[in-house]
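So the sequence shown is residues 5 to 70, counted in my numbering.
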Amino acid sequence: MAIYVDECRWWHKERQWCHMVSDVSLEELHAFAAGLEIPQRGFHRDHYDLPETYRKQAIALGAIEV
5 MAIYVDECRW WHKERQWCHM VSDVSLEELH AFAAGLEIPQ RGFHRDHYDL
55 PETYRKQAIA LGAIEV
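This is how it looks when you write it as structure tokens:
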């Protein structure tokens with residue numbers, strides 16, 4: 005299992021955002037996102053958009069920074 009998060013580079017609604025992806029499957033990505041209670045509306049085709057607070061939580065749970 006490998007979940008990855010990139011740097012927060014995008015500004016939207018006064019917050020910085022990043023992407024979270026899986027190198028295994030969308031099922032793995034959705035399961036990891038559900039564990040973080042990330043809303044499904046954050047999913048876009050092959051990734052989730054995450055604000056900085058979710059990014060920090062994802063890393064604490066094992067996501068790899070890229």
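No residue lacks a Cβ here, since even glycine has one placed at the ideal position from N, Cα and C.
Worksheet entry | Close beta carbons around arginine 59, own chain, < 7 angstroms, minus the five adjacent residues each side | In the sequence shown, counting from the first residue as 1, residue 59 sits at position 55. The residues are Val9, Cys12 and Cys22.
Worksheet item: Do you know offhand how far alanine 38's Cα is from glutamate 32's?
Response: The count along the sequence shown starts at 1 and reaches residue 38 at position 34. The count along the sequence shown starts at 1 and reaches residue 32 at position 28. Roughly 10 angstroms between the two C-alpha positions.
Discussion item. Using only the alpha-carbon positions, how far apart do proline 55 and glutamine 20 sit?
Written reply: Counting from 1 along the sequence shown, the entry for residue 55 is found at position 51. Counting from 1 along the sequence shown, the entry for residue 20 is found at position 16. Going by C-alpha positions, proline 55 is about 6 angstroms away from glutamine 20.
Worksheet item: Which residues does DSSP pair with valine 25 in a beta bridge?
Response: In the sequence shown, the residue the question calls residue 25 occupies position 21. Answer by DSSP bridge pairing, in chain order: Tyr8.
Practice prompt. Quick one: measure Cβ to Cβ for methionine 24 and alanine 62, integer angstroms, because I've assumed they're closer than 8 angstroms.
Written response: Taking the first residue of the sequence shown as 1, we reach residue 24 at position 20. Taking the first residue of the sequence shown as 1, we reach residue 62 at position 58. Contact flag correct, Cβ pair sits at about 6 angstroms.
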